[in-house]
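Residue numbers (this note's numbering): 34 to 416.
Written out as structure tokens, the structure reads:
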């Protein structure tokens, strides 16, 4: 089944043409075309995503990317026969679009564009194809099935029996959710953030340190030069018996540390300048803050996930979401998975951040399950 998927939940305009096969027993996907238009440059001056700007960019980009995705391809001249058409227009058997969660104005642009394609473009071409509404979080959840996934060979060799039951952790700018999956169709939510999501905490700490948007990659970059043991920040809810998360307290601890450090620095600088004529040199403090903060987040994420693996006798850990692109986080999970003897699956870096390929994967599974969501924007849609 060839699926054209659309993703506009936040600040990336993404379309992909994906070939899906294998059914629910062994789903696998071939990426035929994939295009993501980032809006980082548009939102950077504002320090974060502005919903109306995101909507404007989606409206501008969707028709352009669609033309790129559907552009006819010239047939191989070596196999061309006299009466063959020179061009092949990609065949589409289903449409998929993200309906939530996300920014409502952004979601509506994708939904309305998908509806228009179904009603006008494909219908006029004589194609009656289904339009599948997709939960963005399910896209992340199923992204371990995409090409290039860590331990992809294990899945290809043993199939889903090597994966389930599984503990899945989705970490992104807006969500931190821990799940226990019994199958592709059945799961139980174990816990989620009570306040800031992991990615949100990274972004806020980045702003405290004066780093540019998007903050997550900038904190990770700064942390490479710092000592993760330099500052003992709190590990919120580390010992709590539940599987919920909280990062607001950690964020506040970083804020207070930076405030106190600045006061101390100004005091020391005044004393220093009273005795020396050359400038006061700031230490590697910011890098240490970034590294210590990142270490605190990783400790909490890993501890909760590993405890869930043991309690529910899971065979694997599924890590996904934009924050899962962080190399330190991936390394920590890979290491702990090996220690306790379970498989670790995480999509390739390109499929960690928002993309339409994962939306196609979720659409395929939901289509086979005869599960379709209402085609309306649902900004607070949950799993």
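Every residue gets a Cβ at the ideal spot worked out from N, C-alpha and C, and that includes glycine.
_Validate contact between the stretch 339–349 and the stretch 369–385 using beta carbons, cut 8 Å, 3 pairs_ = yes
*From residue 233 to residue 248, what distance separates their C-alpha atoms?*
9 Å
*What does a CB cutoff of less than 7 Å around residue 311 pick up in its chain, not counting 5 residues either side in sequence?*
Bear in mind that the predicted position of residue 311 carries a pLDDT of just 42, short of 50, making it unreliable; the figure below should be weighed with that in mind. Nothing listed; no residue qualifies.
*Are the beta-carbon atoms belonging to residue 223 and residue 214 less than 8 Å from one another?*
no
*Buried or exposed: where does residue 481 fall if 16 or more other Cβ atoms within 10 Å of its Cβ makes it buried?*
As displayed, the chain neither begins before 34 nor continues past 416, which places residue 481 out of reach and without an answer.
*asked:* According to DSSP, is residue 216 part of a helix, a strand, or is it coil?
replied: coil
*When you compare only the Cα positions, how much space is there between residue 205 and residue 151?*
31 Å
_Cutoff 8 Å; reference residue 252; Cβ partners in own chain excluding five residues on either side_ = 235, 238, 239, 242, 244, 323, 326 and 327
*Do residue 226 and residue 278 come within 8 Å of each other at the CB atom, strictly closer than that value?*
yes
*Ordered along the chain, which non-local residues of its own chain (more than five positions away) have a Cβ less than 7 Å from that of residue 318?*
294
*Using DSSP with H/G/I as helix, E/B as strand and the rest coil, what is residue 350?*
strand
_residue 401 versus residue 163: straight-line alpha-carbon distance, rounded_ = 12 Å
*DSSP beta-bridge partners for residue 63?*
52
*With burial defined as no fewer than 16 other Cβ atoms inside 10 Å of the residue's Cβ, what is the status of residue 115: buried or exposed?*
Caution applies to residue 115, whose pLDDT of 42 falls short of 50 and renders its modelled position unreliable; the value that the coordinates give is listed next. Looking at its Cβ environment, which holds fewer than 16 other Cβ atoms inside 10 Å, residue 115 is exposed.
*Using 10 angstroms around the beta-carbon of residue 265, count the other beta-carbons present and answer buried if the total reaches 16, otherwise exposed.*
exposed
*Just reading off the beta strand (DSSP E) that residue 235 is part of, what are its end residues?*
Unbroken run through residue 235 is the alpha helix (DSSP H), 231–241; no beta strand (DSSP E).
*How long is the line joining the alpha carbons of residue 356 and residue 385, rounded to whole angstroms?*
8 Å
*asked:* Which residue wins for smallest C-alpha separation from residue 141, given the options 333, 276 and 40?
replied: 40
*Taking one C-beta from the stretch 388–398 and one from the stretch 166–174 each time, how about it: are there three or more such pairs within less than 8 Å?*
yes
*Going by Cα to Cα distance, which pick from 183, 221, 127 and 379 is closest to residue 156?*
127
*With DSSP run on the structure shown, which of helix, strand or coil describes residue 260?*
coil
*Buried or exposed for residue 134, please, with buried defined as at least 16 other CB atoms from any protein chain shown within 10 angstroms of its CB.*
buried
*Report all residues from its chain with a CB closer than 7 Å to the CB of residue 335; omit the five preceding and five following residues, and keep chain order.*
365, 366 and 369
*Segment contact, 8 Å Cβ cut-off, at least three pairs: the stretch 184–199 with the stretch 408–416*: no
*Strand pairing of residue 376, partner residues [DSSP]*: 349
*In or out: residue 420 buried (at least 16 other Cβ within 10 Å) or exposed?*
Since the first and last residues shown for the chain are 34 and 416, residue 420 lies out of range.
*How would you label residue 72, buried or exposed, when you count the other beta carbons within 10 angstroms and need 16 or more for buried?*
buried
*Boundaries (first-last residue) of the alpha helix (DSSP H) holding residue 320*: 318–344
*Distance, Cα to Cα, residue 267 vs residue 144?*
42 Å
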